[in-house]
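full-length UniProt numbering puts the first residue of the sequence shown at 1, with every later residue one more than the last.
The structure appears right after this line, and notes come after that.
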Amino acid sequence: MTLIDSYAPARNTTRGLERISAHTWDFTPAPRTGTQPVDTTDTKALRRAFANVPTPLATAAALVDGRPVGMVLGSFVVHSLEPALVSVSIQTTSGTWPQLRNAGRIGLSVLSENNRHVINNFYRPAHERFDSLDYVTHGEAILFPDAALHITADVAEEVTVGDHVMAVLRVHDIHHAAEEQLDKPRPLVFHQSEVTTAR
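Below is the structure:
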């Protein structure tokens with residue numbers, strides 16, 4: 001008997017529990033009630049399906065030629081601890097990212113429930129996004145107060161992935177609320193096509 005055979009699962013039969021060989025496992029997924037197939041060639045259907053995945057809401061912002069430039073990111077993912085690397089996703093059609101990528105240091109703010117007004121502002125045209133918004137700077141990087149997480153970073157690598165660019169960023173500085181703080185603001189997420197909070 002091989003090692004994997006010795007860990008073969010048990011199943012119920014009319015004669016009680018009976019071991020089955022690992023070689024007879026059936027990996028066919030069982031149908032789930034309430035699910036439906038998605039046509040992967042239909043971008044609208046894909047968007048609705050992917051909306052079931054909660055996505056952290058984060059901004060990338062920096063001073064470019066002395067003026068604030070920023071955008072909401074399509075995704076924010078932690079990739080590595082040694083070295084500290086994160087990645088963000090941007091549509092290839094973005095007119096803001098080409099400005100930010102050359103800013104030197106970019107500020108990433110993972111937004112909290114106290115930053116809903118930032119999201120509302122960033123729906124505006126690029127030249128109006130920072131109107132009436134409070135922010136702090138760290139070199140060229142722009143960060144929003146009360147965010148769940150602050151990061152300053154620069155671009156390490158860019159990869160075109162379909163209709164998006166995945167930018168891998170080197171983390172230089174990172175700050176978050178103190179561990180003992182009991183009333184930490186909840187992070188904002190985009191889920192089922194709505195801006196809501198992570199519970």
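For each residue, glycine too, the CB sits at the ideal point set by N, CA and C.
Remember, predicted model here, so these are calculated numbers, not experimental data.
TODO: To the nearest angstrom, report how far apart ALA153 and HIS79 are at their CA atoms.
DONE: Indexing the sequence shown from 1 puts residue 153 at position 153. Indexing the sequence shown from 1 puts residue 79 at position 79. Approximately 14 Å between the Cα atoms of the pair.
Open item on the list: Quick check on the DSSP output: what are the complete beta strand (DSSP E) runs of length 3 or more inside the region 92-121, in order along the chain?
Closed with: 106-110
Task: Proximity below 7 Å, CB of PHE76 to CB of PRO98 - done: For the purposes of this step, residue 76 is taken as residue 76 along the sequence shown, with counting starting at 1. For the purposes of this step, residue 98 is taken as residue 98 along the sequence shown, with counting starting at 1. In this structure, PRO98 does not lie closer than 7 Å to PHE76 by Cβ.
Open item on the list: Here's the rule: buried if 16 or more other CB atoms are within 10 angstroms of the residue's CB, otherwise exposed. What is THR43?
Closed with: As a working note, residue 43 is residue 43 in the sequence shown. Classification for THR43: exposed.
TODO: Spatial neighbours of PHE190 within its chain, please: CB distance less than 6 Å, with the 5 preceding and 5 following residues excluded, ordered by chain position.
DONE: Mapped onto the sequence shown, residue 190 falls at position 190. Cβ within range, chain order: THR55 and LEU57.
Task: For GLU157, the residue or residues it bridges with in DSSP - done: In the sequence shown, counting from the first residue as 1, residue 157 sits at position 157. The partner list for GLU157 (beta bridge, DSSP) reads VAL168.
Open item on the list: Only counting the same chain, and skipping five residues up and downstream in sequence, which positions put a Cβ closer than 8 Å to that of VAL64?
Closed with: The residue you call residue 64 lines up with position 64 of the sequence shown. Once the five neighbours on either side are set aside, the close Cβ partners of VAL64 are GLN99, LEU100, ASN102, ALA103 and GLU140.
Open item on the list: In whole angstroms, give me the CA-to-CA distance for VAL136 and ARG47.
Closed with: As a working mapping, residue 136 is identified with position 136 in the sequence shown. As a working mapping, residue 47 is identified with position 47 in the sequence shown. Taking the straight line from one Cα to the other gives about 34 Å.
Open item on the list: If you follow the beta strand (DSSP E) that residue 230 is in, where does it begin and where does it stop?
Closed with: With the chain represented from 1 up to 199, any question about residue 230 goes unanswered, as that position is not in the structure.
Task: DSSP-derived helix/strand/coil call for ARG67 - done: Within the sequence shown, numbered from 1, the residue matching residue 67 stands at position 67. Strand at ARG67.
Task: Option in PRO83, GLU82, ALA84 and THR59 with minimal Cα separation from LEU73 - done: Stepping through the sequence shown from its first residue, residue 73 is reached at position 73. It is THR59.
Open item on the list: So, at 8 Å on beta carbons, what are the nonlocal neighbours of ASN120 in its own chain, with the 5 sequence-adjacent residues on each side left out?
Closed with: Residue 120 sits at position 120 when you count from the first residue of the sequence shown. Around ASN120: no qualifying Cβ.
TODO: For LEU156, collect the residues of the same chain with a Cβ closer than 7 Å to its Cβ; drop the 5 residues on either side in sequence, then sort them by chain order.
DONE: Within the sequence shown, the letter at position 156 stands for residue 156. The sequence given here places Ala at residue 156; Leu does not occur at that position. Cβ neighbours of ALA156 beyond the five flanking positions: LEU85, VAL168, LEU169 and ARG170.
Open item on the list: If distances are taken between C-alpha atoms only, which option among VAL165, GLY70 and GLU82 comes closest to LEU108?
Closed with: On the sequence shown, residue 108 is found 108 positions in, with the first residue counted as 1. Checked all of VAL165, GLY70 and GLU82; the closest Cα to LEU108 is GLY70.
Open item on the list: Looking only at its chain, what residues have a beta carbon closer than 8 Å to the beta carbon of ARG116, apart from the 5 residues adjacent to it on each side?
Closed with: Here residue 116 refers to the residue found at position 116 when the sequence shown is read from its first residue. Answer for ARG116: LEU188 and VAL195, listed in chain order.
Task: Coarse secondary structure for THR43, derived from DSSP in three states - done: Here residue 43 is taken as the residue at index 43 of the sequence shown, counted from 1. Helix at THR43.
Open item on the list: Buried or exposed for ILE174, going by 16 or more other Cβ atoms inside 10 Å?
Closed with: Looking up residue 174 in the sequence shown gives position 174. With fewer than 16 other Cβ atoms within 10 Å, it is exposed.
- [ ] Out of PRO145, ARG105 and THR92, point me to the one whose CA is closest to VAL165's CA.
- [x] To locate residue 165, count along the sequence shown from 1; it is residue 165. VAL165 has its Cα closest to that of THR92, out of PRO145, ARG105 and THR92.
Open item on the list: Rounded to the nearest angstrom, what separates PHE130 and GLU82 at their Cα positions?
Closed with: On the sequence shown, residue 130 is found 130 positions in, with the first residue counted as 1. On the sequence shown, residue 82 is found 82 positions in, with the first residue counted as 1. Using only the alpha carbons, I get a separation of about 34 Å.
TODO: In angstroms with no decimal places, state the Cα-to-Cα distance between VAL39 and TYR123.
DONE: Numbered from 1 along the sequence shown, position 39 holds the residue referred to as residue 39. Numbered from 1 along the sequence shown, position 123 holds the residue referred to as residue 123. In the sequence as presented, Val is not what sits at residue 39; that position holds Asp. ASP39 and TYR123: Cα-Cα distance of roughly 29 Å.
TODO: Would you kindly work out how many angstroms separate the C-alpha atoms of residue 228 and THR41, rounded to a whole number?
DONE: Nothing can be reported for residue 228, as the shown portion of the chain is limited to 1 through 199.
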